[in-house]
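Just so you know, the sequence shown maps onto residues 12 to 396 in this note's numbering.
Idealized CB from N, CA, C, for every residue including glycine.
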Amino acid sequence: MTDAAGTHQRFTEYYGHAPVGVWSAPGRVNLIGEHTDYNDGFVFPFAIAERTWVALGDRHDRVVRVATSFAPDAVEIHLDDLAPHAVDGWAAYPLGVTWALGRFGADLAHVRGVDLYITSDVPVGAGLSSSAALESAVALALDEHWGLGLDRPTLAKVGQLAENEVVGAPTGILDQSATLLSEPDAAVFLDCRSLDAEVIPLRFAAEGLTLVVIDTKVEHAHATGGYAARRASCEAGATALGVPALRDLRVEDLDRAQAVLDDETFRRVRHVVTEDRRVLDTVRTLREHGPGAIGSLLDASHASMRDDFEITVPEIDLAVETARAAGAIGARMTGGGFGGSAIALVADDRVDEVTSAVRAAFAEHGFGAPVIFTEQPSAGARRDA
Ligand code: GLA
């Protein structure tokens, strides 16, 4: 069983002594604001119920050892040997975070080693940030255990640095912020330039709405091509238009952008600029009219990712179109793209209809069966035991 008590028990069985504590961090759904984070823009994610747990035990030497229920072998390294290319595979996440803490002021020369045991029920490769859940759980555990006193926005940067420099994926700050800053029944409105964050109630359940996740099982990996290519286009667009980041453009600037940029770069830029506006509109609409009114913004975000940013795949487009046709009030891909999951906001009494319609459409198109489940916006990273 994956939970804090189960993780405590597995640690004890594996290492032969009890851990000093158990910490956890959730996966995330990004409600809206895709590929805006590394353009200094706005995002609006929330934590999901599935989490990654880390049990931590003290050691008397300076070795960090990590074991997990999802890989057969433990990996260990001396704290003096930590470096970006010292580890690979799954251990690059926890050990990359350990290294990155040193880059954010932790005095790793004067701490003792630790034993870690990791469990998780966050789906991997589904666009739900299993990597950030792992990074944030480890970052919070080590920060508290070593008494580093880093605040959560800094721990988010630690996870991002590990992902960028150790795992090798050029991702932004969205996922780690979501997993560290979320609160139940709410989403995090984050300005990725200032890192100012505001937790805003979502009230899906109170308004009779259910958030449905459709995991297409088409696996993505952001350490490979497409993600980095999109990021490069955005940077090229900002440079050509003479702004520090695409965040500095308004929808009203798009005519000028079209005159200056080639068609493909223009469409990449248009996605980011309009997506920033949609995030702001979503937050305002939610506040003024409630979650039942945000559907068209979710739909517009999807169309922009499909047509301008070109990061969707046929399975994702089918999931979104079918969910909409079966009565969802809005639907879009969530996460970095090239596979992963779609989300649909659905009135409680239409969930079964939407679910069966999507399953039927996948079968009809000869696509592999999707995994469909519902999510409640949940608590962020925390100490559990
Ligand atoms: C991935 C990255 C995030 C963000 C999204 C797209 O999840 O990890 O930093 O760029 O893609 O919004």
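Ligand 1 heavy atoms versus the CB of residue i: any closer than 7 Å?
i	result
A313	Correcting the residue type first, residue 313 is His in the shown sequence and not Ala. Outside the cutoff, so no.
H46	yes
L185	yes
T182	yes
G346	yes
N41	yes
Y49	yes
S140	yes
Assuming residue i and residue j form a contact by the criterion Cβ under 8 Å, report the distance between their Cβ atoms to the nearest whole angstrom.
i	j	result
D287	F57	That belief does not hold up - the Cβ atoms of D287 and F57 are roughly 19 Å apart, past 8 Å.
L213	A197	6 Å
V290	I43	6 Å
T13	S131	7 Å
D186	R73	About 30 Å; that fails the 8 Å criterion.
A334	A355	4 Å
L265	V357	Their Cβ separation, rounded to whole angstroms, is 32 Å, which puts L265 and V357 out of contact at 8 Å.
A36	A396	Not a contact, Cβ separation roughly 14 Å.
G301	N41	No, G301 and N41 are not in contact; Cβ-Cβ is about 20 Å, not under 8 Å.
D48	C245	In fact, because the Cβ distance is near 11 Å, the residues do not count as touching under 8 Å.
N50	R258	6 Å
Roughly how many angstroms separate the alpha carbons of residue i and residue j, rounded to a whole number?
i	j	result
Y104	P164	18 Å
R62	A137	14 Å
A150	A111	9 Å
T293	I305	6 Å
V284	L260	6 Å
F378	I322	18 Å
H121	L329	54 Å
A216	A270	46 Å
V5	L309	Examination of residue 5 is not possible in this model, given that the chain is present from 12 through 396 alone.
A247	F349	21 Å
E386	V224	7 Å
E459	A189	Residue 459 is absent from the model: the chain starts at 12 and stops at 396.
L166	L191	8 Å
E194	D118	31 Å
A29	R21	9 Å
P83	D99	15 Å
R267	T276	13 Å
V384	G351	One point to set straight first is that residue 384 is Phe, not Val, in the sequence displayed. Each residue's Cα considered, the two are about 14 Å apart.
V86	D92	13 Å
R6	T227	Given a span of 12 to 396 for the chain in the structure shown, any question on residue 6 remains unanswerable.
E45	T182	12 Å
R394	A152	8 Å
E299	T109	43 Å
D318	R70	53 Å
H313	S307	10 Å
L161	A380	43 Å
F81	H156	24 Å
T250	S389	39 Å
A143	A102	13 Å
A66	V331	38 Å
M344	W64	27 Å
T296	A94	46 Å
Just checking, does the region 359 to 373 make contact with the region 169 to 185 on the three C-beta pairs under 8 Å criterion?
-> no
Note down, one range per segment and in chain order, each alpha helix (DSSP H) of at least 4 residues found wholly within the region 282 to 364.
-> Those alpha helix (DSSP H) runs which fall completely within the region 282 to 364 and span 4+ residues are 306 to 318 and 325 to 336.
Which ranges does the alpha helix (DSSP H) cover as unbroken runs of at least 4 residues, wholly within the region 100 to 155, from first to last along the chain?
-> Positions of the alpha helix (DSSP H) runs, each at least 4 residues long and wholly inside the region 100 to 155, are given as 103 to 114 in order along the chain.
Every unbroken beta strand (DSSP E) within the region 54 to 97, with a cutoff of 3 residues, ordered by chain | DSSP runs (the beta strand (DSSP E)) wholly in the region 54 to 97: 74 to 79 and 82 to 89.
Uninterrupted beta strand (DSSP E) stretches inside the region 170 to 214 (no shorter than 3 residues) = 197 to 202 and 208 to 212
Take every Cβ of the region 22 to 39, pair it with every Cβ of the region 124 to 142, and state whether three or more of those distances are shorter than 8 Å.
-> yes
With contact counted as at least three CB pairs below 8 Å, one residue from each stretch, are the region 327 to 343 and the region 64 to 78 in contact?
-> no
List in chain order: all unbroken alpha helix (DSSP H) runs of 4+ residues lying wholly within the region 216 to 273.
-> 236 to 252 and 265 to 271
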